[in-house]
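> Going by our numbering, the final residue of the sequence shown carries number 153, and the count climbs one at a time with no gaps. For glycine and all other residues, C-beta sits at the position ideal for the given N, C-alpha and C.
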Amino acid sequence: MHAEETIREMIRSHPDVRGTANDALIRCIEACWACAQACTACADACLGEDMVDHLRQCIRLDLDCADVCLATGALASRRTGANEAVLASQLGTCALACSECAAECERHAGHHAHCRICAEACRACERACNDAVRTVAH
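(1) Helix, strand or coil for Ala63? Go by DSSP, reduced to three states.
(2) Measure the beta-carbon distance from Cys73 to Cys137 and round it to whole angstroms, keeping in mind my assumption that it falls under 8 Å.
(3) Hey, out of Asp79, Gly63 and Glu119, whose CA is closest to Gln52's CA?
(4) Taking all protein chains shown into account, do 16 or more other C-beta atoms lie within 10 angstroms of the C-beta of Val67, making it buried, or fewer, making it exposed?
(5) Whole angstroms are fine: how far does the CA of Ile41 sit from the CA of Ala124?
(6) Which residue's Cα is closest to the Cα of Leu85: Cys113, His129 and Leu70?
(7) Is it buried or exposed for Ala58, if we count other Cβ within 10 angstroms and need 16 for buried?
(8) DSSP three-state label for Ala97, please.
(9) What does a CB cutoff of less than 6 Å around Ala134 pick up in its chain, not counting 5 residues either side in sequence?
(10) Note the first and the last residue of the continuous alpha helix (DSSP H) segment covering Ala129.
(11) Of all the options Gly96, Arg131 and Glu141, which has the alpha carbon lying nearest to the alpha carbon of Glu45?
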């Protein structure tokens, strides 16, 4: 089973969901996990570059974005009870973190493939968070 299928099946199997899942939120969870991995790997790759001092801000934003994405994916995965206002706020925060990280990585994308890949993952997660927030009652 692929990670996406596992996420979807886990949420659908939750007793409070009863088989009905918010597809935009599931896509957001998937994008958050993928973005966190890309950002972590990009930060590590930046540390391996010869001119690492020029990538300090990129590394910082990569790590911040990875942490925010992990937290967002976790909050979005919880279906017991409700905390929609916090979830909506977290989705907005995640979209912002992804936007900032993507912009920084795009500055380096011409020289570093890892920054290009990370920027793409960040932009995808930003879109997914913006799509998901519209489906959350707040």
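Considering the structure as presented:
(1) For the purposes of this step, residue 63 is taken as residue 48 along the sequence shown, with counting starting at 1. One point to set straight first is that residue 63 is Gly, not Ala, in the sequence displayed. In this structure, Gly63 counts as helix in the three-state DSSP scheme.
(2) Looking up residue 73 in the sequence shown gives position 58. Looking up residue 137 in the sequence shown gives position 122. Not quite, the Cβ-Cβ distance comes to about 11 Å (not below 8 Å), so this is no contact.
(3) Position 37 of the sequence shown, counted from the first residue, corresponds to residue 52. Out of Asp79, Gly63 and Glu119, the CA that lies nearest to the CA of Gln52 is found in Asp79.
(4) Here residue 67 corresponds to residue number 52 of the sequence shown, with the count starting at 1. Exposed: under 16 other Cβ atoms inside 10 Å.
(5) Taking the sequence shown and counting its residues from 1, the one referred to as residue 124 is at position 109. Taking the sequence shown and counting its residues from 1, the one referred to as residue 41 is at position 26. Cα to Cα, Ala124 sits roughly 29 Å from Ile41.
(6) Translated into positions along the sequence shown, residue 85 becomes position 70. The shortest Cα separation from Leu85 among Cys113, His129 and Leu70 belongs to Cys113.
(7) Counting from 1 along the sequence shown, the entry for residue 58 is found at position 43. The residue is buried, with at least 16 neighbouring Cβ atoms inside 10 Å.
(8) As a position in the sequence shown, residue 97 is number 82, starting the count at 1. Coil.
(9) Within the sequence shown, the letter at position 119 stands for residue 134. In its chain, beyond the 5 residues on either side, Ala117, Cys120, Glu121 and Ala124 have a beta carbon closer than 6 Å to the beta carbon of Ala134.
(10) On the sequence shown, position 114 is the one that residue 129 refers to. Note that residue 129 corresponds to His in the displayed sequence, not to Ala. That run of the alpha helix (DSSP H) goes Ala128 to Val148.
(11) In the sequence shown, counting from the first residue as 1, residue 45 sits at position 30. Nearest option by C-alpha distance: Glu141.
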